[in-house]
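These protein sequences, in sequence, are chains A and B. Just so we're aligned, residue 55 is where the first sequence starts under my numbering, counting upward by one. Just so we're aligned, residue 64 is where the second sequence starts under my numbering, counting upward by one. Ideal Cβ placement from N, Cα and C applies to all residues, glycine included.
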Amino acid sequence: MMPDRFEPDPVIEAYKKDIDRTLLRQNLRRTVAERLANLVAMQRLAEEACRSGKGMVREP
Amino acid sequence: MTDFEKLIGALVGAQVDFLVVGGLAATVHGSARLTQDVDVVYARSDDNIARLVAALEPCRPYLRGAPPGLPFDWSTATVRRGLNFTLTTTVGDIDVLGEIVGGGFYEALVEHTVVVDLFGHACKCLDLPTLIATKRAAGRPRDLEAVAELEALHEESE
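See below:
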C-alpha cells in the first residue's frame with residue numbers, strides 16, 4: 055500500500071533544495087526522547103518570543 | 064502551549080487505541096519543525112470511543128477556532144456522529160481523527176506503525192514512508208515544506 059520510494063514531485067523537489075540537511079543529520083543522531091525534549095524546548099522558546107513580542111513598545 | 068506529555072499520557076492512561084500522526088510523528092522521525100498540537104488517529108469501535116471520550120473529558124475539549132458558547136458536548140454520541148475533531152483543551156490542542164486522507168482508518172494504518180517511547184509510554188507512531196504518503200495525498204500547500212523535509216529525512220536515513 056505504501057511505497058518505500060516516492061515518484062519525485064517537481065514541486066516537492068524545489069522545496070527540498072532549501073532544507074537544511076545538517077539539522078536533519080543532527081536529529082537523526084539523537085534518540086526519540088532527545089527529539090521530543092528538543093521539540094518541547096523549541097515550543098517554550100516560541101512561546102517566550104511571542105510573549106516578549108506582545109510586550110514590545112516601539113520607540114517614538 | 065500544548066502539553067504533549069499530558070495529552071499522550073491521558074490517552075495511554077485510558078487505554079485508547081490510537082496512533083500518532085502529523086507533526087509529532089514527524090518529530091519522532093527526526094523533523095526539525097515546530098509543531099503546536101498532537102494529531103492522533105483513533106479506532107472507531109464503540110469501546111474505544113468511550114475510552115477516548117473518558118480520556119479527554121477532564122481536559123474539557125472544545126472545538127478549536129469555534130466561537131465560545133456553542134452547545135458542543137464531548138460525548139460518545141458526538142464522536143459517533145462525527146469523525147475528525149480539531150479540539151482545544153485545558154492542556155493544549157489535539158486533533159482526534161477517525162480517518163486520514165491517503166491512509167484511511169486506524170485498522171488500515173496500524174500495519175504501518177512503529178512503536179516508540181513517547182514520554183515514557185510505548186505508543187504507535189505512523190512510519191515515515193506512510194507519513195510521507197498521507198501528507199502527499201492530503202495535497203495541502205502548507206504541507207509542501209513538511210513533505211520535502213520528511214522526504215529528505217527518508218533519504219538521509221537510507
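From this set, the options, which residue's C-alpha is nearest residue i's C-alpha?
i                 : options                                   : result
THR90 of chain B  : A:ARG112, A:GLY107 and A:ALA95            : A:ALA95
VAL84 of chain B  : B:VAL103, B:GLY165 and B:GLY72            : B:VAL103
GLU208 of chain B : A:GLU61, A:PRO114, A:ARG79 and A:ALA68    : A:ALA68
GLU101 of chain A : B:GLU218, B:GLY72, B:GLN99 and B:TYR169   : B:GLN99
LEU82 of chain B  : B:GLY145, B:VAL179 and B:ALA201           : B:VAL179
LEU115 of chain B : B:LEU97, B:GLY76 and B:VAL210             : B:GLY76
ASN147 of chain B : B:THR153, B:LYS69, B:PRO134 and B:PHE168  : B:PHE168
GLU79 of chain B  : B:PHE135, B:ALA200, B:ARG205 and B:LYS187 : Just to set this straight, residue 79 of chain B is Val in the shown sequence, not Glu. For the residues B:PHE135, B:ALA200, B:ARG205 and B:LYS187, the minimum Cα distance to VAL79 of chain B belongs to B:LYS187.
ARG144 of chain B : B:ALA201, B:GLU68, B:ASP109 and B:ASP206  : B:ASP109
Check whether the Cβ atoms of residue i and residue j sit closer than 8 Å, and answer yes or no.
i                 : j                 : result
ARG107 of chain B : GLY161 of chain B : yes
LEU194 of chain B : HIS92 of chain B  : yes
THR176 of chain B : ASP158 of chain B : no
GLY166 of chain B : LEU172 of chain B : yes
LEU150 of chain B : PRO121 of chain B : no
ALA196 of chain B : LEU77 of chain A  : no
ALA73 of chain B  : ALA118 of chain B : yes
LEU216 of chain B : LYS198 of chain B : no
ALA20 of chain B  : ILE73 of chain A  : In the structure as shown, chain B begins at 64 and stops at 221. Residue 20 of chain B is therefore absent and cannot be evaluated.
VAL101 of chain B : THR153 of chain B : no
HIS184 of chain B : ILE71 of chain B  : yes
LEU97 of chain B  : GLN97 of chain A  : yes
LEU82 of chain A  : SER220 of chain B : yes
First and last residue of the alpha helix (DSSP H) that includes residue i?
i                 : result
CYS104 of chain A : 86–108
ILE112 of chain B : 109–119
Whose Cβ in chain C lies nearer than 7 Å to the Cβ of residue i?
i                : result
ARG75 of chain A : Here the protein chains are A and B, and chain C is not one of them.
So the beta strand (DSSP E) residue i belongs to, where does it begin and stop?
i                : result
VAL83 of chain B : 81–84
Q: Anything in the segment 192–211 of chain B with a Cβ closer than 8 Å to a Cβ of chain A? List those residues in chain order, please.
A: PRO192, THR193, ILE195, ALA196, ARG199, LEU207, GLU208, VAL210 and ALA211
Q: Closer than 7 Å, Cβ to Cβ, to anything on chain B: give me those residues from the segment 78–91 of chain A, in chain order.
A: LEU78, ARG79, ASN81, LEU82, VAL86, ALA87, ARG89 and LEU90
Q | chain B contacts made by the segment 94–110 of chain A, where a contact means CB separation under 8 Å | A | VAL94, MET96, GLN97, ARG98, ALA100 and GLU101
Q) Where in the segment 124–185 of chain B do unbroken runs of the alpha helix (DSSP H), each at least 4 residues long, occur, reported from the N-terminal end onward? A) 139–144 and 169–172
Q | Near-chain A residues of the segment 94–117 of chain B - C-beta to any C-beta below 8 Å | A | SER94, ALA95, LEU97, THR98 and GLN99
Q) What residues in the segment 151–174 of chain B bring their beta carbon closer than 7 Å to a beta carbon of chain A? A) none
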